[in-house]
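Peer 1:
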C-alpha cells in the first residue's frame, strides 16, 4: 500500500506526463495544420496559374507559357513554340514575323478572315489564328 506522499508523487508525475503529451500533440497538430494550409495554397496557386495560362495563352501548362513569355519579353527572341497540340507559338508583336516564319516553311497567305490567316504551300493548307497585344503575339494553329 502507498502512503500519502507516494500517491501525491504518482499523481503529480502523471499530471506532468499528461501535460507534456498535450503539448507534444498540440505541436504535432499545429505542424499538420500548417502543412495542410501550405499544400492547399500551393494546389490553389497551381490550378489558378493553369487557368490563367489556359485563358491567356491557350496552354494548360503554366510553366511552358511563362518560359515562352519570358523568352519573348526579356530575352527578345522572335518566336517560341509553347505547345505542340494544338500548336501554339508566342512571338514578338509583329505580324511580319509570322509572315517570314511561314515563308521560310514554303507557305504563302491565300486568305484572311478576321484574325484567321490561311496559308498554303500548294499541298497543305494551315489556318492560324493571330492575336497580338502590347507584349507579344500569339499564333494558334487550327
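Numbering (the numbering used here), first residue to last: 1 to 142. Note that the Cβ used here is the ideal one computed from N, Cα and C, for glycine as well.
Return yes when the Cβ of residue 95 is within less than 8 Å of the Cβ of residue 89, no when it is not.
Peer 2: Locating residue 89 in the chain shown gives position 89, where the first residue counts as 1. Locating residue 95 in the chain shown gives position 95, where the first residue counts as 1. Result no, Cβ atoms of residue 89 and residue 95 do not sit closer than 8 Å.
Peer 1: Would you kindly check if the distance between the Cβ of residue 92 and the Cβ of residue 64 is under 8 Å?
Peer 2: Position 64 of the chain shown holds residue 64. Position 92 of the chain shown holds residue 92. Going by C-beta atoms, residue 64 is not nearer than 8 Å to residue 92.
Peer 1: Give, in chain order, every unbroken run of the alpha helix (DSSP H) that is at least 4 residues long and sits entirely within the segment 25-88.
Peer 2: Entirely contained in the segment 25-88, the alpha helix (DSSP H) runs reaching 4 residues are, in chain order, 62-73.
Peer 1: Can you list, in chain order, the residues of its chain whose CB lies under 8 Å from that of residue 112, leaving out five sequence neighbours each side?
Peer 2: Taking the first residue of the chain shown as 1, we reach residue 112 at position 112. Correct list, in chain order: 118.
Peer 1: Kindly indicate which residue of 58, 6 and 87 has the alpha-carbon position closest to the one of residue 127.
Peer 2: Position 127 of the chain shown, counted from the first residue, corresponds to residue 127. Comparing alpha-carbon positions, the option among 58, 6 and 87 lying closest to residue 127 turns out to be 87.
Peer 1: What is the C-beta distance between residue 120 and residue 130, in whole angstroms, given that I count them as a contact (C-beta under 8 Å)?
Peer 2: Within the chain shown, the letter at position 120 stands for residue 120. Within the chain shown, the letter at position 130 stands for residue 130. By a beta-carbon distance limit of 8 Å, residue 120 does not contact residue 130. Their separation comes to about 16 Å.
Peer 1: Taking DSSP as the reference, what is the three-state secondary structure of residue 102?
Peer 2: What you label residue 102 is simply residue 102 of the chain shown in a count that begins at 1. In the structure shown, residue 102 falls within a helical segment according to DSSP collapsed to helix, strand and coil.
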